[in-house]
Amino acid sequence: MSQPGLLDSGVLLDDDSGRFEYREGFLTAGEAEAALLDLTTAVRWVAQRREMYGREVDVPRLTASYRLDERRIPASIAALAPRVVAAVGAPFNAVGLNLYRDGNDSVAMHNDHLYEIAVGHPIALLSLGGPRTMVIAAKRPPRRRLVLELQPGSLLVMDHASQHHYDHGVPKQRGPVAPRISLAFRVKAPRAAA
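Numbering-wise (the numbering used here), the sequence shown opens with residue 19 and increments by one.
#1: Can you name the start and end residues of the alpha helix (DSSP H) that R101 belongs to?
#2: Would you kindly check if the distance between the Cβ of H128 and the Cβ of V205 is under 8 Å?
#3: Tell me which same chain residues have a C-beta within less than 8 Å of the C-beta of A179, skipping the five on either side of it?
#4: Who are the Cβ neighbours of D185 in its own chain at under 7 Å, not counting the five residues just before and after it?
#5: Could you tell me which uninterrupted beta strand (DSSP E) segments, each at least 3 residues in length, are contained entirely in the stretch 120-176, listed from first to last along the chain?
#6: Enumerate in chain order the residues of its own chain whose CB-to-CB distance from A50 is below 6 Å, with the five nearest sequence positions on each side excluded.
#7: Can you look up A196 in the DSSP assignment and give me helix, strand or coil?
#8: Roughly how many angstroms separate the alpha carbons of F44 and G193, rounded to a whole number?
#9: Using a Cβ distance threshold of 8 Å, determine whether the stretch 66-75 contacts the stretch 90-100, with at least three qualifying pairs required.
#10: Quick one: residues in its chain with C-beta nearer than 7 Å to the C-beta of A207, no 5 flanking neighbours on either side, listed in chain order?
#11: Enumerate in chain order the residues of its own chain whose CB-to-CB distance from V77 is below 6 Å, with the five nearest sequence positions on each side excluded.
#12: Distance check for P159 and A60, CA to CA, integer angstroms please.
#13: Which runs of the alpha helix (DSSP H) spanning at least 4 residues fall entirely within the stretch 47-89, listed in chain order?
#14: Starting from the Cα of E39, find the closest Cα among S200, G148, A105, Q191 and give me that residue.
#15: When DSSP builds the beta bridges, which residues end up paired with A202?
#16: In or out: A96 buried (at least 16 other Cβ within 10 Å) or exposed?
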């Protein structure tokens, strides 16, 4: 159930600045819960540190990443990737994961690193676990702002152009918040030969 002011399923924005499409119920509740349980334990989660404002701080979430052609990827990723590829129509070959353990975990407003992803291909974010709010904000006037409650089993698709014109983030949240895992499917350049 959406909170007042939050957007529902469908095409959220589609113009020269980019396209955002949200598909609630992409996975059933049972599928989303099973994938969450599998990935919580099967993924090699990493706690990162990064320099910000002249000091080193903990990244407020756990992360992981896989190429989809790896032999040893978690079973849930192997099962979900073809479904996301078929639904979006993009040849995704990589997935980045974030584990938001509670409301203190977040990701600041940002756009995807365009040097890492193939031009013209979208990014698809699959959400598992507790609902979390995502904010999408235009970088320049007119300062459009979308607020979306990402539900478990939902899929948010952002086209390549949107990364030039919009930032997105998951803010910290007060009160009890269930753990959430996001899977960001991308088309990345082939790995350099060794």
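Ideal Cβ placement from N, Cα and C applies to all residues, glycine included.
Straight from the coordinates:
#1: Per DSSP, R101 is one residue of the alpha helix (DSSP H) stretching across 93-106.
#2: For V205 and H128, no; Cβs fall outside 8 Å.
#3: Excluding its 5 nearest sequence neighbours in each direction, A179 has C-beta neighbours in its own chain below 8 Å: D34, S35, G36, R37, listed in chain order.
#4: Contacts found: M127, H128, N129, A155, K157.
#5: Counting whole runs of 3 or more residues, the stretch 120-176 contains the beta strand (DSSP E) stretches 125-128, 141-147, 150-156, 163-168, 173-176.
#6: L146, P170, G171.
#7: Note: A196 maps to coil in three-state DSSP.
#8: Spanning the two alpha carbons is a distance of roughly 27 Å.
#9: Because the criterion of three Cβ pairs below 8 Å is not met, the stretch 66-75 and the stretch 90-100 do not touch.
#10: Residues A136 of the same chain have their beta carbon placed closer than 7 Å to that of A207, with the five preceding and five following residues left out of the count.
#11: Apart from the 5 residues on each side of it in sequence, V77 sits with its Cβ closer than 6 Å to the Cβ of Q66, R68 in its chain, given in chain order.
#12: Using only the alpha carbons, I get a separation of about 43 Å.
#13: Segments of the alpha helix (DSSP H) lying fully in the stretch 47-89: 47-60.
#14: The candidate whose alpha carbon is nearest that of E39 is A105.
#15: Partner(s): G114, L143.
#16: It counts as exposed.
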